[in-house]
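When we follow UniProt numbering, the leftmost residue of the sequence shown carries the number 1, and every step to the right adds one.
Notes follow the structure.
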Amino acid sequence: MLWQFILTGVLALLAGVALGFFVARKYMMTYLKKNPPINEQMLKMMMMQMGQKPSQKKINQMMQAMNKQMK
1 MLWQFILTGV LALLAGVALG FFVARKYMMT YLKKNPPINE QMLKMMMMQM GQKPSQKKIN
61 QMMQAMNKQM K
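Right, here's the structure in full:
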């Protein structure tokens, strides 16, 4: 009887961990889609801080590369 209680507890714990992982993963993926970590203004500021004069073409290329890498 005791081993059934322990086995049930362990199985419930494993199921909870697995379910929590997938829920958290789904939440983070939707959050990152809605709020991308870097946008065009941030990229432009970073390039200017590095001493580069960013052109719109270069910014667009970098944004496309980052979006492709995210998918």
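Every residue, glycine too, gets a C-beta built ideally from N, C-alpha and C.
Between which two residues does the alpha helix (DSSP H) harbouring residue i extend?
i   : result
M1  : Here M1 belongs to no alpha helix (DSSP H), and DSSP marks it neither H nor E.
M47 : 40–49
N67 : 56–70
How about residue i and residue j: do their beta carbons lie closer than 8 angstroms?
i   : j   : result
M47 : P54 : yes
M70 : L43 : no
M66 : I38 : yes
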